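Count along the sequence shown starting at 1, add 144, and that's the number in the working numbering.
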Amino acid sequence: MKLHDVSWPTQSELERGLVAWLDTLPGASWLTLPGRDQSRHRVVVTLLHGNEPSGTKALWHFFHQPFECAVTTHFCLANVNAALFDTPFSTRHLENKPDMNRCFGRNGDDDSYDVAAEIMARIRALKPEAVVDIHNTSGSGPSFAVTIVDDEKHRHVSSLFTERMLCSSVRLGALMEQTSEETPILTIECGGAQDVAADEVAKNGLHHFLHTDDIFQNHTGFWPLDLLYHPVRVQLKPELELCYHDRKVDEADLTLPPDIDRHNFGWMAADSMIGWLGAKGLDAMTTNDGEGGHPIDALFYEQDGELRLKQASKLFMITTRRDIALSDCLFYMVAD
Ligand SMILES: [Zn+2]
C-alpha cells in the first residue's frame, strides 16, 4: 500500500497549520468525507506536484469552515513528500523520482507509479461522477481546465472552476488522460503558485464542486467557457542551454525574457518576438501536438537571431523556472 487512509485533522492540528499537518501524514494520503447522498462519489486529487499548493490550501480552508458535501467526497494528497522537501511547496518532485503526473497508465520501477496505480484503482472502484486534479502553473497566469475530451460533462465540471478549457491531444501520463464516459477526469490549473488569485480559484471552485448537487446541470452564474483545441507543447531539445534574460545571452541556445509569462493566454500578433536563438537556430527547439503535426518551423521563424511567431498565437503554461522549463516544457501554444 502506497496510498494511506488518513482522517480529518484534529482541532489542535488545525491550529498548528497546514505544513505541520502535512508533516504528520504518512505520505500519499486519501481522506473520505461522507456526503448528503452517500450513493454518489466525487474525488479531488491535488499535490501531484509538490510545488503547487492552491488545491491543498483550498482543502485546508474547507477544513476550517466545513459544510456538508452534496455527495461523498474523497480527497487525495499525492506527492506530500515532495511538498515537504526543503522549503515547503518548492519542489515539483524529488530529484531521484519521476514526475508523479507522468506516471498514470504507465509502468515503471519507482513507487510513484504504484501511487498512481492505486489512485486509479480507487477511482475505478468508486465510479465517482467526476474527478478534479487541482494544480498550479509554474509561471504566473489565469486559470484554465485541461481535458482530453470535449463534451458536456467535461465542460460543466470545468466551468465550476474557470472560464477556459483546453482540449489536448498530447499524452504524457497525466491523471486526466484516464478520463472516461462514466467518470470525467480533469486537470484544473488555478494559475501561478505565487498568484493570490490562484488560491481564490481553487477555494471557490472547490466550494462549487463540493456543494453543488447536480454538477452536470446548467448552473447559472458560472463561467461561460473559452475553448482552446490542440495545444502544442514546445520544448528545448535535451542538453541544450536555456537562459532567462532581457537580452541575448551568447552561449545560450535559447534566451527568453524573464517576464515572458506575462503573455500567458494573451493573443500575440504574427511576427511578435518571443526570445533569442543561439547557433543552432530553430533546430534547438521541438514541438509535440500529440498528432505529429505543427513542426517548429510551422510556428516560428528566425530573423537576425530573434525567435518570432509565424502567425498570431496564444501562449500559455509559460514557465520562467529554468529547471521546470527544461524538465517539462517551455510553454504550450495555439496558433490562429
Ligand atoms: Zn502540476
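Built from N, CA and C at the ideal position, the CB exists for glycine as well. Given the structure is predicted, the values throughout are model-derived calculations rather than measurements.
So L175 packs on F219, CB below 8 Å; how close in whole Å? Residue mapping note: residue 175 aligns to position 31 of the sequence shown, counting from 1. Residue mapping note: residue 219 aligns to position 75 of the sequence shown, counting from 1. Confirmed, Cβ separation roughly 4 Å.
From L330 to V275, what distance separates their C-alpha atoms? The residue you call residue 330 lines up with position 186 of the sequence shown. The residue you call residue 275 lines up with position 131 of the sequence shown. One C-alpha to the other measures close to 6 Å.
Reference D243; option with closest CA among T231, E157, N225: Residue numbering aside, residue 243 sits at position 99 when the sequence shown is read from its first letter. The residue with the shortest Cα to Cα distance from D243 is N225.
Where I267 sits in the DSSP three-state scheme: Numbered from 1 along the sequence shown, position 123 holds the residue referred to as residue 267. Residue state, collapsed to three classes: helix.
Residue from S173, H300, Q379 whose Cα sits closest to the Cα of Q361: Sequence index remark: in the sequence shown, residue 361 carries index 217 (1-based). The shortest C-alpha separation from Q361 is found at H300.
Using 8 Å as the limit for Cβ to Cβ distance, is H438 near chain D? Within the model displayed, chain D is absent; a lone protein chain is all it includes.
Please confirm if the stretch 151 to 158 is in contact with the stretch 197 to 217, defined as three or more CB-CB distances below 8 Å between the two stretches. In short, these stretches touch, since the Cβ pair count reaches three.
Would you call the CB atoms of K392 and H205 closer than 8 Å? Stepping through the sequence shown from its first residue, residue 392 is reached at position 248. Stepping through the sequence shown from its first residue, residue 205 is reached at position 61. In this structure, K392 keeps its C-beta atom at 8 Å or more from the C-beta atom of H205.
CB-CB under 6 Å to L400, same chain, minus the five flanking residues each way: which ones, in chain order? On the sequence shown, position 256 is the one that residue 400 refers to. When the five nearest sequence neighbours on each side are left out, the beta carbons in the same chain lying within less than 6 Å of the beta carbon of L400 are those of Y388, G419, in order along the chain.
Check each residue's C-beta against every heavy atom of ligand 1 and list, in chain order, those closer than 5 Å. H193, E196, H279
Run the CB neighbour count on D433, radius 10 Å, all protein chains shown included, and call it buried at 16 or more, exposed below. Within the sequence shown, the letter at position 289 stands for residue 433. Result: buried.
Counting pairs of Cβ atoms below 8 Å between the stretch 194 to 204 and the stretch 277 to 297, do you hit three or more? The stretch 194 to 204, when compared against the stretch 277 to 297, does touch it at the 8 Å Cβ threshold.
Rounded to a whole number of angstroms, what is the C-alpha to C-alpha distance between I292 and L221? The residue given as residue 292 occupies position 148 in the sequence shown. The residue given as residue 221 occupies position 77 in the sequence shown. The alpha-carbon of I292 is positioned some 23 Å away from that of L221.
By DSSP's criteria, L310 is part of a beta bridge. Which residues make up the other side? By 1-based counting over the sequence shown, the position of residue 310 is 166. Answer by DSSP bridge pairing, in chain order: V290, L372.
Anticipated Cβ contact below 8 Å, G335 with V345, distance rounded: Stepping through the sequence shown from its first residue, residue 335 is reached at position 191. Stepping through the sequence shown from its first residue, residue 345 is reached at position 201. Their Cβ separation, rounded to whole angstroms, is 6 Å, which keeps G335 and V345 in contact under 8 Å.
For K146 and G252, the rounded distance between their alpha carbons: The residue you call residue 252 lines up with position 108 of the sequence shown. The residue you call residue 146 lines up with position 2 of the sequence shown. Take the alpha-carbon of G252 and the one of K146: they are about 15 Å apart.
Could you tell me the distance, in whole angstroms, from the CA atom of I263 to the CA atom of E321? Within the sequence shown, numbered from 1, the residue matching residue 263 stands at position 119. Within the sequence shown, numbered from 1, the residue matching residue 321 stands at position 177. I263 and E321: Cα-Cα distance of roughly 13 Å.
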